[in-house]
Amino acid sequence: MNEPKRVDHDSEQLPDDGAFATNEAEGGRQGVRRSKTMSRKEMARDLRRRRMLGLIDPEEEELLGSIERLRPHTRADCANGARPCLFVSCKHHLYLDVNPETGSIKLNFPDKEIWELDETCALDVADKGGITLEEVGAIMNLTRERIRQVETRGLLKLREAAEEELDPKDARERDG
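The numbering of the sequence shown is this note's numbering, which starts it at 98 and goes up by one.
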């Protein structure tokens with residue numbers, strides 16, 4: 098039976114699959130399962146290291162640069178762009194979500210390909226105007242109840258911001 102690969106965080110070698118952590122900085126916990134995905138920090142660190150060592154393929158670098166030049170940078174650039182939108186790394190794309198704290202990626206539609214989605218851009222949906230919780234749930238692959246919870250939390254934050262904007266002194270005193 099194949100033994101899982103182990104990670105030596107003190108070496109330059111990066112794991113290529115779900116590895117086990119062995120570093121003492123992690124509390125000396127041997128055999129703790131690490132995620133199979135790399136965080137954005139880890140990917141950026143790996144890319145910088147590969148660039149310093151000259152391990153980046155010039156063809157790959159050219160391709161990444163050309164894609165970045167094609168990528169829209171404002172809503173005006175993408176409002177009339179091709180649909181379904183190909184830029185899944187855009188924060189408004191509905192196909193996946195990236196956790197800003199951990200860099201982990203969550204596929205919102207693991208059973209579908211991008212071209213199978215009716216809507217791929219949250220800004221396109223917002224441009225259409227108001228829709229029901231059921232419609233939002235279908236677009237985001239969430240239940241009506243979860244959408245209601247998110248809506249309630251968002252409305253509460255808006256109310257707090259509006260109250261603070263109207264009377265910042267009272268808001269600071271109330272918060273302590």
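For every residue, glycine included, the Cβ atom is placed at its ideal position computed from N, Cα and C. Source: prediction; values computed, not measured.
Check: Alpha-carbon spacing of Cys182 relative to Arg172, whole angstroms; Outcome: 13 Å
Check: Residues that Val195 bridges to, as DSSP identifies them; Outcome: Ile202
Check: Asp224 to Gly178 span [Cα, whole Å]; Outcome: 14 Å
Check: Reduced DSSP secondary structure (H/G/I, E/B, other) of Glu262; Outcome: helix
Check: Which of helix, strand or coil DSSP assigns to Cys182; Outcome: coil
Check: Integer-rounded CB distance, given that Asp194 should sit under 8 Å from Asn205; Outcome: 6 Å
Check: Secondary structure of Cys218, DSSP reduced to three states; Outcome: strand
Check: Asp57: first and last residue of the uninterrupted alpha helix (DSSP H) it sits in; Outcome: The structure shown has nothing for residue 57, since the chain only spans 98 to 273.
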